[in-house]
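Heads up, the thing below is written out as structure tokens.
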Amino acid sequence: MVFLSELKSKIIQTLELETELAAFSYPPQSNLGDLSLSCFALAKIRHQSPEKIAQELLVKIKNNLELKKYFSTIKTVGPYLNFFISSEYLATRLIKTIQREKNDYGTSPTGQNQRVMIEYSNGNTHKEYHVGHLRNISYGDAISHLLTASGYQVLPVSYINDFGIHVAKTIWNWQRHPVYNERPEPKGYLLGRCYAQASQLLKDNPSGKLEVTALMKEIESRQGKNYQFWQASRQWSIDYFNAIYQELNIKFAHIFYESEVVNEGLKIVKNLLAQGILKKSQGAIIADLEQYDLGVLPVIRTDGTALYVVADLALASEKFQKYNLKQSIYIVDVRQSLYFKQLFKILELMGYHKKLLHLTYDFVTLPSGMMSSRSGNIITYQELKDKISAQLLLETKQRHAGWNPAKITKVVNNLTLATIKFEMLKVNAHKIITFDITESTKFDGYTACYIQYTYARWRSVLRKSVWTDLLIKTDYQKLTAKQEKLLLLKMAKYPEIISEAAQKYNPSALTKYLFELAQLSNDYYHEVNILKSSPVIKKVRLILVRTITQVLVNGLDILGIKVLEKM
RNA sequence: GCGCCCGUAGCUCAACUGGAUAGAGUACUUGGCUUCGGACCAAGGGGUUGCAGGUUCAAAUCCUGCCGGGCGCACCA
């Protein structure tokens with residue numbers, strides 16, 4: 000059992016409290032205590048003042064012999080019963096736990112190995128991969144890791160739309176501008192640029208739109224020259240996405256494609272029409288969900304072509320048929336909330352009574368305004384990466400004049416990706432991120448670089464230490480500095496942070512935690528010179544530093560960030 | 001018009017879901033390298049939590065009404 004929850008249940012047992020009434024929290028200041036039991040709920044039930052309850056509980060608990068092993072002091076502060084955890088006990092238990100569990104420290108079996116599918120990234124072929132996708136993929140990957148750490152069997156998947164009208168727009172424009180074929184950039188990247196231009200060219204261009212529609216019909220017929228070009232260009236995008244996933248170190252268990260499920264979707268639509276779940280209206284086929292307060296969802300256009308939901312219906316069926324899922328999570332931006340309510344309702348009407356969850360996040364915008372790939376006002380993954388890299392390259396070169404270019408590139412690449420992921424995760428998912436590139440490339444304060452730097456510096460200290468002190472007693476009683484107690488407590492809270500972040504689908508709780516842990520440890524670094532301590536003290540301090548680096552590694556791993564030994 | 005989200009220090013964000021003196025980063029001012037990595041650390045100023053009511057021992061948090069911003073509501077995905 001997790002260390003702190005063990006202490007809490009010991010307190011509950013001793014006081015013979017009901018679990019629901021035991022409201023634990025952590026005092027805002029360390030001089031008040033390490034752990035706190037607030038007495039408001041009890042006061043209400045027992046019709047006494049919370050202060051008095053706290054006093055009574057103190058009398059009941061203060062001479063308990065077992066608890067004296069764990070707590071050096073127990074006292075009341077107004078309506079709170081506050082506990083000071085014995086430093087020696089804390090150090091011994093915690094350090095041994097982290098040493099034993101290593102990369103598993105912080106994980107829990109809560110999920111009981113239930114299988115959860117989580118869909119994210121969801122790029123469109125023949126279109127840009129931009130900062131919005133980066134928020135999606137960073138968030139999805141972090142959620143995926145958090146659920147894994149919480150004992151779920153996670154199947155990360157992606158769904159790529161390779162068959163929508165955007166495809167025809169891009170191909171239409173590609174054929175009109177042979178110059179795209181001659182450019183040196185990756186073709187998958189160029190398709191995105193080509194799409195943005197196509198959107199501009201098709202504005203107020205009815206004859207162009209007709210050509211695009213005709214082109215789409217040909218692609219949908221799955222034969223002919225344009226279909227062949229679709230096949231080839233589709234692969235360019237897929238290759239490009241795979242390169243991005245590899246760069247970001249993100250692995251999907253499976254990738255679905257719209258072109259592979261859309262025909263099955265059309266069959267489903269036919270059935271639903273027969274069942275009366277869908278109906279014809281104004282020449283189109285719709286789902287009328289007015290009675291559920293969900294409006295109307297168009298399914299098939301007047302011209303007979305399929306809308307997005309057709310493939311989504313087939314995709315959902317396939318997910319549940321092929322994989323034995325307990326739950327299916329979709330990570331898609333908040334603007335599609337109504338759409339997903341509609342989709343889930345139709346699935347329910349079809350007889351799927353499965354646990355479906357649409358996890359939302361808000362947009363990434365620019366200081367200049369909302370991003371839109373139609374207006375061309377977007378920042379692609381490539382552009383963002385280049386700008387951040389350039390800044391980091393300057394800094395790294397300046398610090399390590401003697402390093403060879405390959406080494407510098409390796410560090411810069413790592414920090415660039417770490418920065419992107421961290422920036423995408425540190426803000427609550429339901430808030431808009433205004434991505435100011437110039438601001439984001441100043442790597443001071445609450446940033447990935449700060450945490451990476453902290454880790455690298457501790458590793459440097461550990462490398463310089465000599466571990467020949469095997470005969471020296473490991474004496475955790477020597478960890479008496481104020482920062483040492485704070486660090487131990489902070490690390491003891493790590494498992495709670497993970498399970499909370501998982502439960503609330505909130506990785507920003509973890510980014511904040513890791514920053515605070517790094518801050519505390521930097522303070523410690525400046526306060527105490529470890530390598531110059533006496534041998535007995537040095538030994539336990541080095542062990543403490545090792546546990547700090549372990550917790551940093553574990554936390555960053557969940558965020559999808561790899562640590563650096565040197566930077 | 002209906003629905004959802006946001007509004008906290010100059011700026012960017014936290015606040016254990018109703019609890020202790022609303023905290024960080026940044027910017028600004030000042031201090032710290034003969035010292036384990038200065039991408040660091042310390043100190044300081046900076047707040048009527050958009051406004052007005054209400055609920056209670058207790059409200060940034062819950063309820064009502066306004067104000068400001070964003071998004072969604074039939075053939076985009």
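Counting from 1, position 49 in the first sequence corresponds to residue 48 in numbering that gives the first Met the number 0; the numbering is continuous, with no gaps.
Each residue gets a CB set at the ideal place from its N, CA and C atoms; glycine is no exception.
- Output yes or no for whether 8 Å exceeds the beta carbon distance between residue 120 and residue 132. Taking the first residue of the first sequence as position 1, residue 120 is located at position 121. Taking the first residue of the first sequence as position 1, residue 132 is located at position 133. In this structure, residue 132 lies closer than 8 Å to residue 120 by Cβ.
- Just tell me which of 324, 437 and 403 has its CA closest to the CA of residue 156. Position 157 of the first sequence, counted from the start, is the residue given in the question as residue 156. Ranking the options by Cα distance to residue 156, first place goes to 324.
- Ordered along the chain, which non-local residues of its own chain (more than five positions away) have a Cβ less than 7 Å from that of residue 189? Position 190 of the first sequence, counting from 1, holds the residue named residue 189. Cβ within range, chain order: 179 and 182.
- Query: If you follow the beta strand (DSSP E) that residue 431 is part of, which residue opens it and which one closes it?
  - Reply: If you number the first sequence from 1, residue 431 lands on position 432. It is not in any beta strand (DSSP E) - residue 431 carries neither H nor E in the DSSP assignment.
- Counting only runs that start and end within the segment 458-504, where is the beta strand (DSSP E) found for 3 or more residues in a row? none
- Secondary structure at residue 594, three-state DSSP: helix, strand or coil? No answer is possible for residue 594: it lies beyond the span of the chain, which begins at 0 and ends at 566.
- Closest residue to residue 507 among 126, 112 and 138 (Cα-Cα distance): Along the first sequence, one-based indexing puts residue 507 at 508. It is 138.
- Which residue's Cα is closest to the Cα of residue 365: 354, 377 and 355? Here residue 365 is taken as the residue at index 366 of the first sequence, counted from 1. Comparing Cα-Cα distances from residue 365 to each of 354, 377 and 355, the minimum goes to 377.
- Message: Only counting the same chain, and skipping five residues up and downstream in sequence, which positions put a Cβ closer than 6 Å to that of residue 240?
- Response: Counted from its first residue, the first sequence places residue 240 at position 241. So the list reads 122, once near-sequence residues are dropped.
- Task: Determine the direct distance from the alpha carbon of residue 560 to that of residue 166, and round the result to whole angstroms.
- Result: Taking the first residue of the first sequence as position 1, residue 166 is located at position 167. Taking the first residue of the first sequence as position 1, residue 560 is located at position 561. About 33 Å.
- Message: Relative to the C-alpha of residue 19, which candidate in 41, 34 and 5 has its C-alpha closest?
- Response: Residue 19 sits at position 20 when you count from the first residue of the first sequence. Considering only alpha carbons, the answer is 41.
- If you draw a straight line from the C-alpha of residue 256 to the C-alpha of residue 318, how long is it? Locating residue 256 in the first sequence gives position 257, where the first residue counts as 1. Locating residue 318 in the first sequence gives position 319, where the first residue counts as 1. Roughly 13 Å between the two C-alpha positions.
- Message: Quick check: is any heavy atom of the ligand GDP less than 7 Å from the C-beta of residue 194?
- Response: Within the structure as shown, the ligand GDP is missing, as the structure has no ligands at all.
- Item | Assigned secondary structure, residue 80 (DSSP; H/G/I helix, E/B strand, else coil) | By 1-based counting over the first sequence, the position of residue 80 is 81. Strand at residue 80.
- Task: Would you check if there are 3 or more beta carbon pairs closer than 8 Å linking the segment 539-553 to the segment 481-496?
- Result: yes
- Unbroken stretches of the alpha helix (DSSP H), 4 residues or longer, contained in the segment 356-427: 380-398 and 404-424
- Message: If you follow the alpha helix (DSSP H) that residue 238 is in, where does it begin and where does it stop?
- Response: Position 239 of the first sequence, counting from 1, holds the residue named residue 238. Note, residue 238: alpha helix (DSSP H), 224-246.
- Would the segment 84-93 and the segment 293-306 be scored as touching if the rule is three or more Cβ pairs under 8 Å? no
- Message: Looking at residue 274: is its Cβ nearer than 8 Å to the Cβ of residue 115?
- Response: Against the first sequence, residue 274 aligns to sequence position 275. Against the first sequence, residue 115 aligns to sequence position 116. Not in contact: residue 274 and residue 115 (Cβ atoms no closer than 8 Å).
- Enumerated in chain order, which unbroken segments of the beta strand (DSSP E) with a length of 3 residues or greater are wholly contained in the segment 24-65? 34-37
- Range covered by the beta strand (DSSP E) that runs through residue 114: Locating residue 114 in the first sequence gives position 115, counting from the first residue. 114-118 is the span of the beta strand (DSSP E), which, as asked, contains residue 114.
- DSSP state of residue 201 mapped onto helix, strand, coil: Taking the first sequence and counting its residues from 1, the one referred to as residue 201 is at position 202. In the structure shown, residue 201 sits in a helix (DSSP, three-state: H, G or I).
- Item | Nonlocal neighbours in the same chain, by C-beta distance under 6 Å from residue 211, ignoring five residues either side | The count along the first sequence starts at 1 and reaches residue 211 at position 212. If we look at residue 211 and ignore the five residues flanking it on each side, its Cβ neighbours are 167, 168 and 171.
- Item | Endpoints, the beta strand (DSSP E) within which residue 152 is located | The residue given as residue 152 occupies position 153 in the first sequence. Counting along the chain, the beta strand (DSSP E) containing residue 152 begins and ends at 152-159.
- Where does residue 255 fall in DSSP's three states? Here residue 255 refers to the residue found at position 256 of the first sequence. Reduced to three states, the DSSP call for residue 255 is strand.
- Tell me, please, whether the segment 185-204 touches the segment 231-245 by the rule of three or more beta-carbon pairs shorter than 8 Å. yes
- Task: Specify the secondary structure class of residue 561 as computed by DSSP and reduced to three states.
- Result: Translated into the one-based positions of the first sequence, residue 561 becomes position 562. Here residue 561 sits in coil by DSSP.
- Task: Take the Cβ of residue 49 as the centre, count every other Cβ of all protein chains shown within 10 Å, and call the residue buried at 16 or more, exposed below.
- Result: Looking up residue 49 in the first sequence gives position 50. So residue 49 ends up on the buried side.
- Item | Continuous alpha helix (DSSP H) stretch holding residue 508: start and end | In the first sequence, residue 508 corresponds to position 509, counting from 1. That run of the alpha helix (DSSP H) goes 507-526.
- Have a look at residue 416 and residue 328 and give me their C-alpha separation to the nearest angstrom. Here the question's residue 416 lines up with position 417 in the first sequence. Here the question's residue 328 lines up with position 329 in the first sequence. Residue 416 and residue 328: Cα-Cα distance of roughly 25 Å.
- Query: residue 550 and residue 562: beta carbons closer than 8 Å?
  - Reply: Translated into the one-based positions of the first sequence, residue 550 becomes position 551. Translated into the one-based positions of the first sequence, residue 562 becomes position 563. Not closer than 8 Å, so no.
- Query: Comparing alpha-carbon positions, which option in 5, 449, 524 and 158 lies nearest residue 311?
  - Reply: Indexing the first sequence from 1 puts residue 311 at position 312. For the residues 5, 449, 524 and 158, the minimum Cα distance to residue 311 belongs to 158.
- Task: Note down, in chain order, each residue of its chain lying with its Cβ closer than 6 Å to the Cβ of residue 147, except the 5 sequence neighbours on either side.
- Result: Your numbering for residue 147 matches position 148 in the first sequence. Cβ neighbours of residue 147 beyond the five flanking positions: 153.
- Item | With 16 other Cβ atoms within 10 Å as the buried cut-off, status of residue 279 | Looking up residue 279 in the first sequence gives position 280. Exposed, because fewer than 16 other Cβ atoms sit within 10 Å of the Cβ of residue 279.
- Message: Taking a contact to mean a Cβ-Cβ separation below 8 Å, would you say residue 66 touches residue 80 in this structure?
- Response: Taking the first sequence and counting its residues from 1, one reaches residue 66 at position 67. Taking the first sequence and counting its residues from 1, one reaches residue 80 at position 81. No.
- Message: Helix, strand or coil, according to DSSP, for residue 249 in the structure here?
- Response: Here residue 249 refers to the residue found at position 250 when the first sequence is read from its first residue. Reduced to three states, the DSSP call for residue 249 is coil.
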